[in-house]
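Here is the structure we will look at, set down as C-alpha cells.
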Amino acid sequence: MSDEQLVLAAVDGHVATLTLNRPKALNAISPALIETLIAHLDRFEADEQIRALVLTGSDRAFAAGADIKAMSTASASEMLLGRSIERWTRLAACRKPIIAAVSGYAFGGGCELAMMCDIIIASESAQFSQPEVNLGVMPGAGGTQRLTRAIGPQRAMEMVLTGNPITAQEALQYGLVNRIFPIERYLAEAQALAATIAEKAPIAVMLAKEAIRAASETTLREGLALELRNFYLLFDTEDQKEGMRAFIEKRKPIFKGR
Ligand code: DAK
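Taking this note's numbering, the leading residue of the sequence shown gets 413, the next gets one more, and so forth.
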C-alpha cells in the first residue's frame, strides 16, 4: 500500500472525512500514517471550503495504538530525537473542529488520537484503552493528561495502571465520548454533526474552539481574558454583521468565513 492510501480523504460540502486505512494492522499508527494524516490536515486547514473534519477508522478498529513493530527496538534517544510527539500533536493544534468517529479498538495511541479531537462519537462496539503498561511503557501522547482531564484522576488511574479497556457505554458515562450510536450509524451521525458545525460562522467556531481548549491549559483569569478578546475580535468579521442582520431580518444567515 502506498503512503497516500494510509489515510483516505473524502469531501462532502464543507466537511472533510479522513479515514485511517491500515486494516491488516488494525490501523496501527506508523510514522508514515501520521505524516499522511498531517499532509491531509495541512491541506484541509488551508482550504476555505472545509469548515469541519471527521476522523475515523474502520468498524473493527479506530486504531489499535502506535505501531508497536515500528518502535519495539528504539532507544530513548531515538524516540526523543525523532520528535514524533510534535508530529502527533499536529492534530491537536488544528484550528478547525474535528470530530472523532470511533468504532472498535481505540487503544493506546488510538485513544490518544481520538482525545486530540474536539468531540468523540462512538459506535456501540467501541472500546477505549491505554494498555501501554502491558508493553513495559506508559502513555506518551496524552493518555495520562487529556484522559485525566476528560474522566478524572481515579478513572484515569484505573485505566492506565491496569490497561483494561472500557466499553462505549462506560466511556459515555465517564464523559469521554459525547454520544453512542449503532454501528451502522455512528459515522453518518458524526458527519451530520460536523455538517451542523460547518453551517455556523467559521471564525466564530474557530475562536470558540481555541477558548474552550484554553480552559484546560490556563488559569480561569487567563481563560476569561482570552474568551473576551476572541469575543471582541468577532465584531470585526463580516459574519458577525451578517449573523445579526439575518436575525433581525428573520432569515437564515449566509456565512462566508470572513
Ligand atoms: N502495532 C502494530 N501492529 C498491531 C497493533 C499495534 N499497536 N495492534 C494490532 N496489530 C496487528 C497485529 O500484530 C496483527 O498483525 P499480524 O500478526 O496479522 O501481522 C494484526 O494487527 C491483527 O491484530 P490481532 O491478530 O492481534 O487482532 P485481535 O483481534 O486478536 O486483537 C487487539 C486485537 C487490538 C486486542 C490486539 O491486536 C492488541 O492488543 N493490539 C495492541 C494494542 C496495544 O497495545 N496498543 C498500544 C500500543 S503502544 C507517542 C505517540 C503514541 C504513543 C506513544 C508515544 N509519541 C508521539 C511520543 C502510543 C503508544 C501505543 O499506542
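Using N, Cα and C, we set each Cβ at its ideal position, and we do this for glycine too.
- Relative to the ligand DAK, the beta carbon of LEU438 is positioned inside 6 Å of a heavy atom.
- GLY477 sits close to PHE519, with the two beta carbons spaced by under 7 Å.
- Comparing C-alpha distances from THR468 to each of GLN566, ALA421, VAL617 shows the shortest one belongs to ALA421.
- Around the beta carbon of ALA568, a 10 Å sphere encloses 16 or more other beta carbons of the protein chains shown; the residue is thus reported as buried.
- Under the three-state reduction of DSSP output, ARG625 falls in the helix class.
- Classified as buried, PHE540 has 16 or more neighbouring CB atoms from the shown chains inside 10 Å of its CB.
- A distance criterion of 6 Å places the beta-carbon of TYR517 in contact range of the ligand DAK, judged by its closest non-hydrogen atom.
- Under the DSSP assignment, ASP454 falls in the alpha helix (DSSP H) whose first and last residues are 443-458.
- The segment 445-452 makes no contact with the segment 480-491: fewer than 3 CB pairs, one atom from each, lie closer than 8 Å.
- Every beta strand (DSSP E) of 3 residues or more that sits fully in the segment 536-609 is shown, in chain order, as 539-541, 591-593.
- Around the beta carbon of PHE667, a 10 Å sphere encloses 16 or more other beta carbons of the protein chains shown; the residue is thus reported as buried.
- Remark: fewer than three beta-carbon pairs, one from each stretch, lie closer than 8 Å, so the segment 632-650 and the segment 567-583 are not flagged as touching.
- Counting C-beta pairs closer than 8 Å gives fewer than three between the segment 651-664 and the segment 554-571, which falls short of the contact rule.
- Here ARG591 is not near ILE510, since their CB atoms are 7 Å or more apart.
- Out of ASP424, VAL427, ASN433, THR429, the CA that lies nearest to the CA of SER414 is found in ASN433.
- Contact annotation, GLU582 with PRO551: C-beta distance approximately 18 Å; criterion of less than 8 Å not satisfied.
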